[in-house]
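6 protein chains.
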Amino acid sequence: MFFHVQKLINEIVPDEPDPAAANALQEGLGGQFGEMRTMMQYLFQSFNFRGKAKPYLDLIQGVGIEEISHVELIATTINRLVDGSPRYQGKAMGDGDGGTPLEIALDGHGKSNIHHWLVASQGAMPVDAAGNPWSGSYVYNSGNLSLDLLYNLMLESTGRLQKCRLYEMTRNKTARSTISYLIVRDHAHENVFAKALESLGVNWNKLLPIPNFDATKFPEVKQLMDKGLHNQQY
Amino acid sequence: MFFHVQKLINEIVPDEPDPAAANALQEGLGGQFGEMRTMMQYLFQSFNFRGKAKPYLDLIQGVGIEEISHVELIATTINRLVDGSPRYQGKAMGDGDGGTPLEIALDGHGKSNIHHWLVASQGAMPVDAAGNPWSGSYVYNSGNLSLDLLYNLMLESTGRLQKCRLYEMTRNKTARSTISYLIVRDHAHENVFAKALESLGVNWNKLLPIPNFDATKFPEVKQLMDKGLHNQQY
Amino acid sequence: MFFHVQKLINEIVPDEPDPAAANALQEGLGGQFGEMRTMMQYLFQSFNFRGKAKPYLDLIQGVGIEEISHVELIATTINRLVDGSPRYQGKAMGDGDGGTPLEIALDGHGKSNIHHWLVASQGAMPVDAAGNPWSGSYVYNSGNLSLDLLYNLMLESTGRLQKCRLYEMTRNKTARSTISYLIVRDHAHENVFAKALESLGVNWNKLLPIPNFDATKFPEVKQLMDKGLHNQQY
Amino acid sequence: MFFHVQKLINEIVPDEPDPAAANALQEGLGGQFGEMRTMMQYLFQSFNFRGKAKPYLDLIQGVGIEEISHVELIATTINRLVDGSPRYQGKAMGDGDGGTPLEIALDGHGKSNIHHWLVASQGAMPVDAAGNPWSGSYVYNSGNLSLDLLYNLMLESTGRLQKCRLYEMTRNKTARSTISYLIVRDHAHENVFAKALESLGVNWNKLLPIPNFDATKFPEVKQLMDKGLHNQQY
Amino acid sequence: MFFHVQKLINEIVPDEPDPAAANALQEGLGGQFGEMRTMMQYLFQSFNFRGKAKPYLDLIQGVGIEEISHVELIATTINRLVDGSPRYQGKAMGDGDGGTPLEIALDGHGKSNIHHWLVASQGAMPVDAAGNPWSGSYVYNSGNLSLDLLYNLMLESTGRLQKCRLYEMTRNKTARSTISYLIVRDHAHENVFAKALESLGVNWNKLLPIPNFDATKFPEVKQLMDKGLHNQQY
Amino acid sequence: MFFHVQKLINEIVPDEPDPAAANALQEGLGGQFGEMRTMMQYLFQSFNFRGKAKPYLDLIQGVGIEEISHVELIATTINRLVDGSPRYQGKAMGDGDGGTPLEIALDGHGKSNIHHWLVASQGAMPVDAAGNPWSGSYVYNSGNLSLDLLYNLMLESTGRLQKCRLYEMTRNKTARSTISYLIVRDHAHENVFAKALESLGVNWNKLLPIPNFDATKFPEVKQLMDKGLHNQQY
Ligand SMILES: [Ca+2]
Ligand SMILES: [Ca+2]
Ligand SMILES: [Ca+2]
Ligand SMILES: [Ca+2]
Ligand SMILES: [Ca+2]
Ligand SMILES: [Ca+2]
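Residue numbers (the working numbering), protein chains in the order written: chain V, 22 to 255; chain F, 22 to 255; chain C, 22 to 255; chain S, 22 to 255; chain Z, 22 to 255; chain H, 22 to 255.
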């Protein structure tokens with residue numbers, strides 16, 4: 022059984038609306054390596070878990086539940102990027118200079134997603150940054166524990182890789198605050214799956230972390246890692 | 022933020038494995054009107070909710086959270102139908118009489134899903150009963166409160182309609198116990214959305230419930246309705 | 022049996038070509054709530070209609086047939102927006118200033134659809150504004166009359182909602198003349214389905230119309246409503 | 022503008038219901054080479070037609086309009102095959118012998134489609150015989166007249182090829198009466214596109230018809246060809 | 022540049038036709054973890070390879086080229102299973118006992134694929150065992166060498182896992198000869214990617230092979246491994 | 022069995038990177054009428070070939086094998102267009118003027134594909150220019166030789182038509198060198214299939230080539246045709 026409190030897992034930093042950043046962030050929500058994928062993959066792996074290796078079940082399920090909160094966080098972030106923000110003081114979207122409101126909103130140098138305005142009512146959608154809807158075919162659950170854990174490790178690493186690219190695609194603070202949080206938690210989850218695989222026999226030596234990229238060069242990430250957030254498990 | 026306890030929202034009655042029932046139940050899990058759809062639609066509607074009408078947000082979100090537990094319930098049920106059950110005493114699947122194990126498992130008069138055995142390792146999948154993967158294009162979130170509520174009402178009614186057909190497709194008690202629970206909760210949710218729409222001006226008179234079908238003719242449903250389960254909100 | 026006369030159901034006002042408007046209008050043609058959807062949904066509902074409630078069959082089928090003419094109207098409109106118009110006097114597309122013809126045609130600030138030029142030969146396509154092809158999975162036909170009518174009402178309302186957004190996305194008169202006509206007819210169809218549901222027991226009171234938006238603030242829409250076009254049935 | 026009369030383009034011969042035949046016929050309705058495809062391809066080609074070669078427009082559009090009536094015919098046929106027929110006297114589906122109604126209906130040796138019963142309420146669906154929804158990506162409209170006509174010729178020939186295979190897959194008279202009619206009209210349309218291409222320069226000699234198969238060995242087809250139905254144009 | 026000789030990479034053992042085995046084998050051809058996937062994934066990884074680590078390029082490309090021959094082998098195998106075989110002496114499909122030819126061919130207890138007969142003319146198709154077409158979205162190419170190799174290792178292991186299940190689903194010798202060959206080569210490729218990852222730092226210890234399953238209990242596999250085929254690289 | 026040498030089938034001319042051209046070229050790689058399609062269609066037709074008409078098998082297979090080299094060529098070309106080129110001297114992408122690297126890379130007036138940067142690591146992807154993944158449903162293999170050849174002829178002609186449009190969409194020399202080569206080889210393949218159909222009875226007279234467009238007005242194409250490349254067969 023699942024429960025909820027009306028509080029985000031991480032605070033979102035306010036900034037100007039930014040339709041292009043909103044569209045890029047869709048990859049982290051509804052993309053093949055985004056939060057809906059990790060959430061659904063780990064939940065299905067835990068619903069279908071058999072046998073007595075309960076610590077592994079607890080581990081996969083624990084991460085899966087955290088991922089629902091990540092879906093909530095990134096969807097809410099996208100929502101703010103196509104709408105406005107608490108301290109919004111800037112150029113009003115869709116006012117002035119003779120354009121119709123939506124003409125102006127859409128004018129993101131072609132990098133915004135027309136569906137955000139036309140279909141989704143300025144909200145997040147279960148699609149990736151190229152507009153492909155999330156698909157159930159993404160979920161991997163082979164029933165072989167080593168393979169499932171290996172895939173999950175690869176999934177978190179790819180998620181972190183894409184989010185580091187996302188960080189560099191935008192300067193918007195609303196976007197970057199959420200991206201940074203998710204980078205650090207991907208790192209934590211990569212470690213969790215790596216250790217589980219170690220208990221099954223592998224010695225990672227210098228292969229991990231993948232990507233071998235020092236994300237502390239992003240100030241928001243450094244701040245969270247200084248607090249040890251990449252080592253906490255819920 | 023989301024939380025979880027390792028307890029199903031409703032108990033599953035044990036019975037023999039039944040691959041054909043498992044495949045039919047996939048419609049209730051990954052179908053266009055199944056539990057993954059209601060869960061994701063209500064969660065996106067709540068993540069994207071704006072304005073001050075907080076009681077409506079609470080209502081949509083409350084139902085959405087319950088739907089995650091429905092996904093867990095029906096996925097676990099399918100898992101048991103393709104595996105075995107606690108009190109399993111019957112003909113061992115895949116033993117004896119000269120067939121290879123999987124030849125026997127697959128012999129469900131062509132009504133089982135080969136992916137349950139070949140890909141999913143005898144587990145539930147995010148697909149419908151015809152094998153189509155769940156799609157993000159199912160999620161409806163127009164941003165117009167009346168429309169979203171009307172769609173949600175229609176979604177619960179269609180879910181109940183399909184689950185009544187599912188009930189009649191199988192005699193397996195494992196399948197029927199979960200189907201019956203979901204019928205009663207669909208009924209409860211239909212009522213919730215109907216009342217919300219009443220507060221916005223409509224008078225349903227004799228139109229509801231849709232379908233106008235007395236599900237108490239199914240004994241398992243009657244038992245749950247006698248307990249008033251169709252009137253409870255979480 | 023179906024017949025055709027070579028005359029559009031509404032006249033298209035000439036204006037300059039406009040590739041960005043052409044792409045936005047694709048949502049109204051091949052989108053999940055566009056004219057191909059209403060056409061196919063109502064035709065399938067009428068082909069599969071059973072029982073003796075013939076007035077409801079006539080109603081659903083009548084609207085469905087009108088929708089074929091809407092598909093013709095909006096496809097022809099898109100075709101003109103990517104080609105030219107009868108009174109076309111303006112800047113020739115793809116001539117002069119050193120660009121290759123197609124470089125210039127594509128230069129719609131990234132809001133045009135490259136497939137309009139590369140695949141469709143400057144014509145309309147059965148896709149939505151984000152490039153997703155129309156899908157048979159859109160068609161809803163539950164076999165329950167109340168549910169089918171309720172879905173159809175919701176479909177027309179969502180169509181009108183999206184078309185009001187479309188109107189505000191462009192100033193092109195070719196686009197706006199067709200959008201306005203379709204807004205008014207969506208309104209008419211919403212009323213038709215609302216009344217059919219009233220005959221089954223509901224009292225809409227102040228819930229309708231959805232969206233509760235006075236489209237007469239769009240001059241082209243006002244002109245058509247002044248003629249009573251939103252009250253006519255074919 | 023499109024019109025309709027409540028009369029099928031060809032009479033359907035009554036016979037017993039036959040869920041397996043119903044599913045096979047879905048290929049002729051919603052398959053890649055079925056009636057929805059020809060209808061939509063020719064309508065889009067006519068909506069997007071430019072230039073002065075009006076006889077070719079009239080030809081493509083004329084065939085396209087006839088195809089809407091074919092969609093109506095085959096959808097209605099499928100509907101009858103999953104329901105019953107006027108003179109139905111046989112074994113009631115879903116009664117007697119201890120099975121639940123739907124258990125019996127589904128018992129078509131695994132060749133029926135569970136969505137016909139669970140989702141579509143015993144009606145036709147816009148999908149193919151393997152359950153894939155019809156897709157807008159099927160529509161071909163290159164803007165080059167020779168290519169469009171060549172594709173259309175190939176489309177009709179493939180349609181006729183598949184329908185001859187369909188004829189041999191079933192003995193049901195309801196199914197065969199519609200299949201036979203569509204075979205003959207495919208033949209007629211193949212001839213129409215062949216002649217149009219001759220006027221553009223090709224000499225088919227002995228290449229046509231494709232497939233080079235004497236469909237008059239099917240008695241229902243022979244009867245229609247004896248009436249000259251393969252030479253009529255509407 | 023690519024070349025070809027008209028010789029299969031492994032000989033196919035003749036046996037009776039078997040439509041159910043043909044459909045199951047489609048997973049190994051067009052499934053998410055089948056031969057088209059490995060072929061395309063490795064080819065794209067090699068086409069997009071950058072930098073100076075040429076031995077890794079050679080390795081990935083070498084395996085990718087072998088995979089084209091695997092696609093050829095399994096497609097040809099499926100083709101024979103729906104047609105006949107060199108020494109075919111058995112019950113003629115589609116003759117005698119009063120059924121139409123296709124009625125008999127289709128009678129595979131609902132486990133055959135109607136598209137093999139109706140669309141593909143008794144040939145292999147680029148789809149999986151549940152009828153889903155192969156999708157470009159399967160291809161993984163992150164640009165990070167460690168991640169790409171890790172994914173490839175996981176892909177080969179999953180392929181071997183599924184093929185071991187496939188082996189147990191059928192007794193047909195035509196099917197089993199090809200399945201056994203592919204199991205052994207998956208094993209070889211798993212080793213290749215494992216060693217490449219070792220050179221980047223990991224020590225697999227007892228984690229590999231995954232699945233930890235002794236495939237030599239399948240006689241055809243044992244025969245090939247006795248010849249050392251799982252250790253050869255092309 | 023397939024083999025490979027590390028040499029492209031045609032040399033790629035170096036020029037500046039060009040993300041917009043890279044995205045347009047995706048149509049020629051992963052589009053419905055691109056190189057992956059011709060490659061897979063001809064390979065499946067040859068794997069499924071039956072009967073004794075070996076010269077036709079050799080012809081279809083020969084073209085199919087060449088198409089693998091075309092896939093390699095166009096994928097490599099796209100890869101260079103999103104990365105750099107040997108003689109690259111120009112404005113460094115992603116440096117200077119205050120933008121983050123990816124902000125600058127993405128600034129292609131909305132005509133670039135965000136997945137090239139975020140998902141594919143600046144590499145080619147198996148998708149079309151509108152972002153749709155390549156689909157196995159594209160492959161046509163009816164089993165009727167005349168139909169398969171006719172479809173192949175139409176496929177090559179459509180490919181050439183689209184590539185002529187592609188040529189005019191860009192001035193980039195890297196893109197144009199590959200496009201020109203593919204135009205000439207499409208022409209050669211159109212001729213091959215046309216002659217094969219002549220041997221089956223048709224006389225093309227003045228219908229071919231389609232499109233009836235003199236591609237020698239493109240200088241790079243003229244150069245290749247002067248060498249007779251449109252008449253060579255491998
Ligand atoms: Ca996460
Ligand atoms: Ca529910
Ligand atoms: Ca309409
Ligand atoms: Ca037809
Ligand atoms: Ca392989
Ligand atoms: Ca080519």
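All C-beta atoms, glycine included, are put in the ideal place defined by N, C-alpha and C.
Alpha carbon to alpha carbon, what distance is there between residue j and residue i?
i, j, result
"H/Phe239", "H/Gly249", "15 Å"
"Z/Gln82", "H/Arg181", "29 Å"
"C/Gln66", "C/Arg58", "12 Å"
"S/Ser106", "F/Glu56", "Only weak support exists for where S/Ser106 lies, its pLDDT of 43 falling under 50; the value from the coordinates is given anyway. So the alpha carbons of these two residues sit roughly 36 Å apart."
"V/Ile231", "S/Leu46", "52 Å"
"S/Val92", "Z/Arg101", "35 Å"
"H/Ser198", "H/Glu241", "7 Å"
"Z/Asp116", "S/Thr237", "Confidence at Z/Asp116 is low in this model, with a pLDDT of 40, below 50, so its placement is unreliable and the value that follows should be read with caution. C-alpha separation (whole angstroms): 21 Å."
"S/Tyr202", "S/Leu245", "7 Å"
"V/Leu221", "F/Asp169", "48 Å"
"V/Pro35", "V/Ile99", "12 Å"
"S/Lys216", "H/Gly72", "31 Å"
"H/Gln27", "H/Ser90", "11 Å"
"H/Ala151", "F/Asn212", "43 Å"
"S/Tyr188", "V/Lys75", "56 Å"
"Z/Leu171", "H/Leu171", "43 Å"
"H/Ile200", "H/Arg186", "10 Å"
"F/Met60", "F/Gln253", "18 Å"
"V/Ser156", "C/Ser133", "26 Å"
Name the chain V residues that come within less than 8 Å of residue i, Cβ to Cβ?
i, result
"C/Ala45", "Ile135 and Leu139"
For a quick check, are the C-beta atoms of residue i and residue j less than 8 Å apart?
i, j, result
"H/Gly49", "H/Met146", "no"
"V/Lys311", "V/Asp207", "Any answer about residue 311 of chain V is impossible in this case: the structure gives chain V only from 22 up to 255."
"V/Gln143", "F/Gly164", "yes"
"V/His137", "V/Ala43", "yes"
"F/Leu166", "F/Tyr255", "no"
"V/Val160", "V/Pro154", "no"
"F/Ile95", "V/Phe23", "no"
"H/Asp39", "H/Thr179", "no"
"V/Thr195", "V/Ile33", "yes"
"V/Phe54", "V/Leu176", "yes"
If the cut is a Cβ gap below 7 Å, which residues of chain C does residue i touch?
i, result
"S/Ser158", "Pro154"
List, in order along the chain, the chain H residues whose C-beta lies closer than 9 Å to that of residue i?
i, result
"V/Glu48", "Ile135, His136, Leu139 and Val140"
"Z/Thr237", "Result: empty, since nearest Cβ-Cβ is about 26 Å, beyond 9 Å."
Kindly list, in the order they appear in chain H, the residues whose Cβ is closer than 8 Å to that of residue i.
i, result
"V/Leu187", "Leu139"
Curious, which full-length alpha helix (DSSP H) runs of at least 4 residues does the stretch 175–223 of chain S contain?
-> Taking only runs of at least 4 residues, the alpha helix (DSSP H) segments lying wholly in the stretch 175–223 of chain S are 194–220.
Give, in chain order, every unbroken run of the alpha helix (DSSP H) that is at least 4 residues long and sits entirely within the stretch 32–69 of chain V.
-> As far as the stretch 32–69 of chain V is concerned, its whole alpha helix (DSSP H) runs of at least 4 residues are 40–51 and 56–68.
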